[in-house]
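Residue numbers (the UniProt record's numbering), protein chains in the order written: chain W, 1 to 446; chain R, 1 to 446. Glycine included, C-beta positions come from ideal geometry on N, C-alpha and C. Values in this document were obtained by computation on a predicted structure and should not be read as measured data. Beneath this line is the structure, given in structure tokens, with notes to follow.
Number of protein chains: 2
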Amino acid sequence: MPFRWDYRQHVSLAWFVLKWLVICLPVGIVVGSAVALFLWSLNVVTLTQWDNPWLLYLLPLAGIASGLMYHYLGREAEGGNNLIMEQIHEPGGGVPLRMAPLVLIGTLITHLFGGSAGREGTAVQMGGSLAGGIGRLLKLTPDEMRILLSAGVAAGFGAVFGTPLTGAIFAVEVIAIGRMSYKAIIPCLMASVIGDQVNTAWGIGHTHYHIAFSTEITSSLSAVSLDWGLTGKVAIAAIFFGLASVLFAELTHGISWTAKRFIPVPWMRPAIGGCVVIALVWLVGTRDYLGLGVSSHPPDANRICIESCFHVGGAHWLSWWWKLLFTAVTVGSGFKGGEVTPLFFVGAALGSVLGVALGAPVDLMAGLGFVAVFAGATNTPLACTIMAIELFGPGHGELLSSGFVVYAAVACFLSYFLSGNSSIYHAQKRDEEEPQREVEQLPETD
Amino acid sequence: MPFRWDYRQHVSLAWFVLKWLVICLPVGIVVGSAVALFLWSLNVVTLTQWDNPWLLYLLPLAGIASGLMYHYLGREAEGGNNLIMEQIHEPGGGVPLRMAPLVLIGTLITHLFGGSAGREGTAVQMGGSLAGGIGRLLKLTPDEMRILLSAGVAAGFGAVFGTPLTGAIFAVEVIAIGRMSYKAIIPCLMASVIGDQVNTAWGIGHTHYHIAFSTEITSSLSAVSLDWGLTGKVAIAAIFFGLASVLFAELTHGISWTAKRFIPVPWMRPAIGGCVVIALVWLVGTRDYLGLGVSSHPPDANRICIESCFHVGGAHWLSWWWKLLFTAVTVGSGFKGGEVTPLFFVGAALGSVLGVALGAPVDLMAGLGFVAVFAGATNTPLACTIMAIELFGPGHGELLSSGFVVYAAVACFLSYFLSGNSSIYHAQKRDEEEPQREVEQLPETD
């Protein structure tokens with residue numbers, strides 16, 4: 001046949017797009033609104049915790065409350081992000097609607113009483129759970145349900161960080177390690193853009209990060225001026241970003257495993273975790289590693305937070321480790337919340353000190369660590385590269401002229417690759433095809 | 001095991017990175033230099049053709065010369081881009097080294113005598129062929145050879161357009177439709193960055209495109225201001241971008257099929273194609289659709305080229321169609337060169353008039369068409385979205401603040417999706433898992 005063109009294919013594809021636009025509209029609106037409610041209340045509880053530092057001493061009791069709530073009401077919702085991924089791989093029992101309010105309340109408890117956790121897990125779980133509810137209402141088929149759950153994840157992630165394309169890519173990339181399918185990408189993109197816009201329409205903003213680093217374009221040949229020495233420094237830093245991500249993932253799993261092994265009563269685990277967090281505050285002598293850690297209150301040049309890491313001297317040599325430990329204890333012992341914002345903190349703090357050590361721009365390295373530790377811990381290097389562009393690019397074209405896209409890709413992909421298959425999500429599928437990862441099959445040493 | 005960490009995995013992964021850095025260094029240097037030579041000589045022949053318009057009348061003879069050259073010297077090199085993809089899927093006879101000089105000379109012949117073609121095919125084939133030669137020299141295994149060929153493609157693509165991350169993503173994305181494996185991404189990224197830098201080091205520049213479109217950020221909530229009406233217009237335009245890409249791919253295949261069916265002597269096909277191109281110049285009454293079409297010489301407001309499409313009135317209603325037809329005849333009849341730069345032209349011209357028709361910013365729509373028709377014709381929406389950022393972003397941070405990343409993703413992914421499985425590369429693998437594309441299995445109507 002010389003000329004193949006079947007108009008029915010385009011009609012069928014257009015129908016697919018329209019159908020999913022109709023389905024993703026309520027998903028985006030509901031999830032975007034839920035995320036807005038979450039971010040607003042998260043802000044309220046964070047301010048409350050700052051104004052009432054004594055709340056920290058109730059963290060063990062809060063852990064018991066959170067644990068009991070999940071124990072009596074949680075059922076499958078306990079599975080969290082992993083349950084959603086499993087249901088995307090193989091639709092089964094579905095994602096229960098109760099997951100949304102439970103994870104919302106659980107996360108607010110964590111932050112009100114000073115636990116160190118994030119927010120992406122909460123947004124992703126609310127997204128998946130609400131999308132699942134809408135899917136059951138619409139009586140979708142199992143195949144459609146898989147796509148819808150991905151769209152819910154995309155909407156939650158895109159809205160919570162204000163990065164719509166990152167949300168869509170994250171949702172399709174996080175499912176498996178080392179490969180990506182485009183099956184759900186169009187619904188994910190629609191849900192994520194709508195979710196982000198709805199969240200903004202509710203008047204909820206996002207932190208604006210600024211990397212002042214730029215190099216002068218000395219040649220008219222290229223619109224981008226890449227520095228070889230700096231590229232090498234970024235690659236060296238990426239090794240540390242990758243190792244930090246493994247340390248975080250494995251320490252969190254290890255604490256969780258140990259807690260389950262030695263503390264038989266589930267709701268006692270976060271109680272003991274809460275005690276350890278209090279002990280850590282005494283030990284380290286600062287409350288900087290509690291909560292989200294995006295900013296400090298009141299803004300104080302001597303306090304360490306994500307924003308401070310973008311300045312020279314804004315992080316101590318071990319700030320990254322302390323935030324990592326605080327978070328691994330909080331999340332590993334069973335408190336609710338996400339891991340991603342703490343991973344941003346760990347990465348930004350590590351990047352900040354690596355910038356000083358390597359003689360590289362501190363703000364650039366903090367921004368790269370921000371996304372690269374996250375890339376290593378979740379195996380989503382592409383979403384993280386795009387997040388670097390969506391978070392740091394707007395309004396800063398000179399950053400892109402200075403090779404930022406390449407630096408971000410090098411940091412994220414090397415960190416992802418060198419961190420191996422470690423992941424904070426155990427339901428991520430491995431790509432059996434990847435030959436260079438065969439060391440995995442070596443006999444276990446213990 | 002509570003805490004899994006096998007240092008040997010990281011050593012093995014680091015070894016993989018180092019090994020490929022050592023292999024990709026010569027690949028990037030050789031391919032980047034070859035692309036520099038190609039772009040330099042392409043510029044010389046384009047200027048020569050502009051200064052000597054009568055050369056067009058020799059196009060049929062040039063077609064015979066090019067056809068005879070491939071007939072007697074070409075052998076497997078005739079396979080072009082498809083041969084490289086086949087060898088990446090399943091290493092067999094390899095990519096012959098002769099492909100590099102043949103495609104270089106063939107492309108220069110096309111452009112010297114006024115054929116309408118591009119340059120990415122040439123860069124990709126030089127990249128694959130030179131990488132293949134280096135691989136045989138190093139006695140790589142078949143599995144390593146597949147990775148190396150991808151790295152060669154990445155280096156060629158990244159260098160020829162000055163977009164290193166796009167080159168790397170393109171090389172892993174173009175292999176299959178609807179999914180992407182990360183197996184070769186690290187070597188591709190290294191080869192592409194090195195190739196681009198080496199090309200620039202040779203003093204070869206790239207065209208800087210500029211989209212002046214920007215919206216004012218009225219809210220402090222979001223760093224990005226997205227316009228819903230404009231998003232809808234971009235989605236509507238994406239339908240046309242997708243259909244134009246199908247028309248291009250199928251028309252080129254159709255002309256190629258018809259030529260092979262009715263013209264038994266292979267080297268006569270480009271001769272007749274050359275006559276048709278001359279007839280088209282008479283018919284349309286302009287030489288604007290010959291050659292690459294990036295710029296006009298001397299710069300003339302009344303002439304149509306890619307650069308003119310970024311201004312109101314810079315393209316006629318049917319400019320996109322004429323460029324499409326000129327290129328389909330040139331490439332379909334057997335002239336050498338790529339299809340991507342003409343696809344940029346087709347997309348920018350279509351975007352330009354769609355911008356006028358839909359009441360949307362003409363430069364924005366031209367830029368989106370530029371990448372989106374390419375995305376549809378090659379099934380590489382992610383590479384094209386990143387290309388939009390790498391080409392139009394540097395120095396223009398206000399563009400990213402105005403929602404450009406989302407507009408680019410919507411245009412590229414919708415164009416890719418709605419264009420179905422049509423592709424200018426028949427060796428692209430289909431993803432059998434994609435459910436929504438089942439209309440493909442409907443009985444044929446003819």
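| Check | Outcome |
| --- | --- |
| On the three-pair Cβ rule with 8 Å, is the region 121 to 140 of chain R touching the region 155 to 168 of chain R? | yes |
| Excluding the 5 residues flanking residue 74 of chain R on each side, which residues of the same chain have their C-beta closer than 7 Å to its C-beta? | 102 |
| Give the interface partners of residue 164 of chain R over in chain W, defined as CB-CB distance under 7 Å, in chain order. | 406 |
| Under 8 Å between the Cβ atoms of residue 60 of chain R and residue 134 of chain R? | no |
| In three-state DSSP terms, what is residue 263 of chain R? | coil |
| Identify, in the order they occur along the chain, each residue of the same chain with its Cβ nearer than 6 Å to the Cβ of residue 427 of chain W, setting aside the five sequence neighbours on each side. | 82, 85, 86 |
| Below 8 Å on the Cβ atoms is my contact criterion, and I expect residue 66 of chain W with residue 106 of chain W to pass it. Report the Cβ-Cβ distance as a whole number of Å. | 5 Å |
| When the Cα of residue 350 of chain R is compared with those of R/243, R/379, R/202, which residue comes out closest? | R/243 |
| What in chain R is Cβ-close to residue 394 of chain W, meaning under 7 Å? | 223, 224, 397, 400, 401 |
| Kindly identify the DSSP beta-bridge partner or partners of residue 180 of chain R. | W/180 |
| To the nearest angstrom, how far is the alpha carbon of residue 270 of chain R from that of residue 245 of chain R? | 23 Å |
| Quick one, which of R/415, R/117, R/227 has its alpha-carbon nearest residue 402 of chain R's? | R/227 |
| For chain R, is any of its Cβ atoms less than 8 Å away from the one on residue 14 of chain W? | yes |
| Can residue 345 of chain W and residue 274 of chain W be called in contact, C-beta distance under 8 Å? | no |
| Comparing C-alpha positions only, which one of W/9, W/13, W/391 sits nearest to residue 207 of chain W? | W/391 |
| By the criterion of Cβ-Cβ separation under 7 Å, what are the contact partners of residue 40 of chain W in chain R? | None at all; the shortest Cβ gap to chain R is about 12 Å. |
| Please report how far the alpha carbon of residue 408 of chain R lies from the alpha carbon of residue 369 of chain R, in whole angstroms. | 9 Å |
| Our contact map puts residue 415 of chain R next to residue 375 of chain R with C-beta atoms below 8 Å; I'd like the distance itself, whole angstroms only. | 5 Å |
| Does residue 70 of chain W have its Cβ less than 8 Å from a Cβ in chain R? | no |
| Report yes if the C-beta distance between residue 172 of chain R and residue 181 of chain R is below 8 Å; otherwise report no. | yes |
| What's the C-alpha gap between residue 446 of chain R and residue 6 of chain W? | Confidence in residue 446 of chain R is poor, its pLDDT being 32 and thus under 50, which makes the residue's placement unreliable; the coordinate value appears in the next sentence. Rounded to whole angstroms, residue 446 of chain R to residue 6 of chain W spans 10 Å at the Cα level. |
| At 8 Å on the CB atoms, spell out the chain W contacts of residue 186 of chain R, in chain order. | 413, 414, 417 |
| Output yes if chain R places a C-beta closer than 8 Å to the C-beta of residue 425 of chain W; else output no. | no |
| At least one CB of chain R closer than 8 Å to the CB of residue 183 of chain W: is that the case? | yes |
| List, in chain order, every chain W residue whose beta-carbon is nearer than 7 Å to that of residue 246 of chain R. | 5 |
| Would you kindly work out how many angstroms separate the C-alpha atoms of residue 385 of chain W and residue 412 of chain W, rounded to a whole number? | 6 Å |
| Starting from residue 430 of chain W, follow its DSSP beta bridges and name the residues at the other end. | W/177 |
| Restricting to runs no shorter than 4 residues, where is the alpha helix (DSSP H) found entirely within the region 56 to 126 of chain W? | 59 to 69, 80 to 89, 99 to 112 |
| Note down the Cα distance separating residue 176 of chain W from residue 429 of chain W, rounded to an integer number of angstroms. | 4 Å |
| Going by other Cβ atoms of all chains shown within 10 Å of its Cβ, with 16 needed for buried, is residue 199 of chain W buried or exposed? | buried |
| Kindly indicate which three-state DSSP category residue 417 of chain R falls into: helix, strand or coil? | helix |
| Could you give the distance in angstroms between the alpha-carbon of residue 286 of chain W and the alpha-carbon of residue 304 of chain W? | 9 Å |
| Who are the neighbours of residue 204 of chain W on chain R, taking C-beta pairs under 8 Å? | 221 |
| Return the first residue and the last residue of the alpha helix (DSSP H) that residue 390 of chain W is part of. | 381 to 392 |
| Quick one, which residues of the region 256 to 279 of chain R are near chain W if we go by CB-CB under 8 Å, in chain order? | 257, 258, 261 |
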